[in-house]
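Residue numbers (our numbering), protein chains in the order written: chain A, 1 to 50; chain B, 1 to 224; chain C, 1 to 222.
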């Protein structure tokens, strides 16, 4: 039954790698979205102010 | 639209596959519960090859058409592909140790998977170290194409070599003597993993598209 | 055809004058084999079995020496921007690639010509008729290295750490070549002295020669 440890370890690897990558992508996307909003806002303000 | 469907279907299929791997599939006679690693280990392995085919196709199409969307497809697929290759190798090692007593053996399947991972990694490293973006796309496409040509040659070479000098095949039981229920579980796991690959690939591609947008917006801001 | 040979002769002339690349490669091959000897000592091998190591050690030495040679050959071209001059020449990019492949092939082959006798000395191999097959395997395998190494050297030259990038790219891609060459060398040196199976090596050489010839343009364009 100690083999169960290995099963747990293997599936932990699966979860950690999958979720780790997914979360990393999500964070990057959020960061980029924030930058896009920021740039958009700056464009708007430039357009309003002659 | 595709994204919305994927956002629902992917986690659903993953949970379903977990059920199939842990509950539906019968416990293997000789190896016991640990064998359940097999379902995701094999699925990840096959998916990494699919990812690599995409890298090869993307590289070829980029060289042919110069359309950057192919270049993006190629290196995003490489990134996700190396993830699944890594999952396959690590899960494989954690399965091999309790069952066969060794962390590693140079049998055909493991060796091929390791080499594929290495080719992915060298491809990605190249991309990280080239300064000029246009140059990077061309160079990565060339290496992607060479890699894609290499994988089948690798397969033949290693299969031939192992044919001459057989080693105990880790997980040789996959092809032989699988319970039909196990095949079903494997199929379900494979579908789940391919969906995961597609989902992650689209998310990764979306980040690239956003990068493009930032570049465009920054230019606008600078010009005003 | 003629421009290709002219370029190859130019490379040989440069090397004959400077005498750096080939000498370094030979020295390196020798040193690798010496290191191997001490590395293997720990295994306490039965002396009768030691000759079995020869093919592997030979190809490791050839691989590492080839990487050294490819890096140097590229460095010489990038020095003084002589590559620009070559690109301006009335020569197709494919032909330029072929000339570089031939030059690199010749240089690595010279190093092989020294490495092979060294291996035979270090591992007590009998110089006899089987040498023909071994030589043939070495020639074909070296050609494969030149084919893939030349284009990858040009690819790596665009990166910041070009000398490190070359082996990182080259070794994974040439594993099937190395594997097949070691196997073929072992067969050729075996007791039966039968003709080794060189299909994979030849296939590798041809496939990668064709692909690299076709895409070399993309690597050197500005």
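Backbone N, C-alpha and C fix where the C-beta goes; we use that ideal spot for every residue, glycine too. It should be emphasised that the depicted structure is a prediction, and the values quoted were computed from it without experimental measurement.
Asked	Found
I'd like the list of long-range same chain contacts for residue 81/B, defined as Cβ closer than 7 Å, with 5 residues on each side in sequence excluded.	48, 51, 52, 55, 120
Count the other CB atoms, across all protein chains shown, that sit within 10 Å of the CB of residue 140/B; report buried if there are 16 or more and exposed otherwise.	buried
So which of 104/B, 194/B, 22/B, 123/B has the shortest CA-CA distance to residue 75/B?	123/B
Can you list, in chain order, the residues of its chain whose CB lies under 7 Å from that of residue 9/B, leaving out five sequence neighbours each side?	195
Name the DSSP bridge partner or partners of residue 47/B?	None, per the DSSP bridge assignment.
Does the stretch 25 to 44 of chain C come close enough to the stretch 58 to 75 of chain C that 3 or more CB-CB pairs lie under 8 Å?	yes
Which of the three DSSP states is assigned to residue 221/C in this structure?	coil
Using a Cβ cut-off of 8 Å (strictly closer), state whether residue 31/C contacts chain B.	no
Based on the DSSP secondary-structure assignment, which residues constitute the bridge partners of residue 130/B?	159/C
Within a Cβ cutoff of 7 Å, which residues of the same chain sit near residue 61/B, ignoring the five residues on either side of it in sequence?	70
Hey, out of 102/B, 99/B, 14/B, 100/B, whose CA is closest to residue 44/B's CA?	14/B
Would you call residue 106/B buried or exposed, if buried means 16 or more other Cβ atoms sit within 10 Å of its Cβ?	exposed
Hey, out of 177/C, 150/C, 198/C, whose CA is closest to residue 220/C's CA?	150/C
Quick one: what's got a C-beta closer than 8 Å to residue 205/B's C-beta in the same chain, skipping five residues either side?	72, 73, 76
With residue 184/C and residue 196/C assumed to form a contact (beta carbons below 8 Å), what rounded beta-carbon distance in angstroms separates them?	4 Å
Compare the C-beta of residue 36/A with all C-beta atoms of chain B and state if any pair is closer than 8 Å.	yes
How about the stretch 95 to 113 of chain C and the stretch 139 to 155 of chain C: do they share at least three Cβ pairs that are nearer than 8 Å?	yes
Can you name the residues of chain B whose CB is closer than 8 Å to the CB of residue 42/A?	221
Output yes if chain C places a C-beta closer than 8 Å to the C-beta of residue 104/B; else output no.	no
Indicate the three-state DSSP secondary structure (helix, strand or coil) for residue 32/B in the structure shown.	strand
So which of 3/B, 41/B, 145/B, 16/B has the shortest CA-CA distance to residue 17/A?	41/B
Is residue 79/B helix, strand or coil by DSSP?	helix
Determine, using beta carbons only, whether residue 33/C and residue 122/C come nearer to each other than 8 Å.	yes
Determine the direct distance from the alpha carbon of residue 172/C to that of residue 116/B, and round the result to whole angstroms.	8 Å
Going along chain A in order, which residues have a C-beta closer than 9 Å to the C-beta of residue 109/B?	Result: empty, since nearest Cβ-Cβ is about 16 Å, beyond 9 Å.
Is residue 63/B helix, strand or coil by DSSP?	helix
Give every residue of the same chain whose Cβ lies closer than 6 Å to the Cβ of residue 39/B, excluding the five residues on either side of it in the sequence, and list them in chain order.	21, 185, 186, 189
List, in order along the chain, the chain B residues whose C-beta lies closer than 7 Å to that of residue 160/C?	129
For the stretch 20 to 47 of chain B, enumerate the residues whose C-beta is nearer than 7 Å to any C-beta of chain A, in chain order.	32, 33, 34, 36, 37, 40
Inspect the beta-carbon positions of residue 139/C and residue 189/C and report whether they are closer than 8 Å.	no
Which chain B residues sit within Cβ distance under 8 Å of residue 23/A?	Per Cβ cutoff of 8 Å: no residues; residue 23/A is ~11 Å from chain B at best.
Hey, out of 85/B, 86/B, 103/B, whose CA is closest to residue 93/B's CA?	103/B
Can you pull the chain C residues whose beta carbon is under 7 Å from the beta carbon of residue 139/B, in chain order?	155, 158, 219
Of the choices 163/C, 201/C, 113/C, whose alpha-carbon is the least far from that of residue 22/C?	113/C
On a CA-only basis, which of 55/C, 14/C, 156/C is nearest residue 131/B? Give me that one, please.	156/C
Looking only at its own chain, which residues have a Cβ that is under 6 Å from the Cβ of residue 26/B, when we skip the five neighbours before and after it?	179, 181
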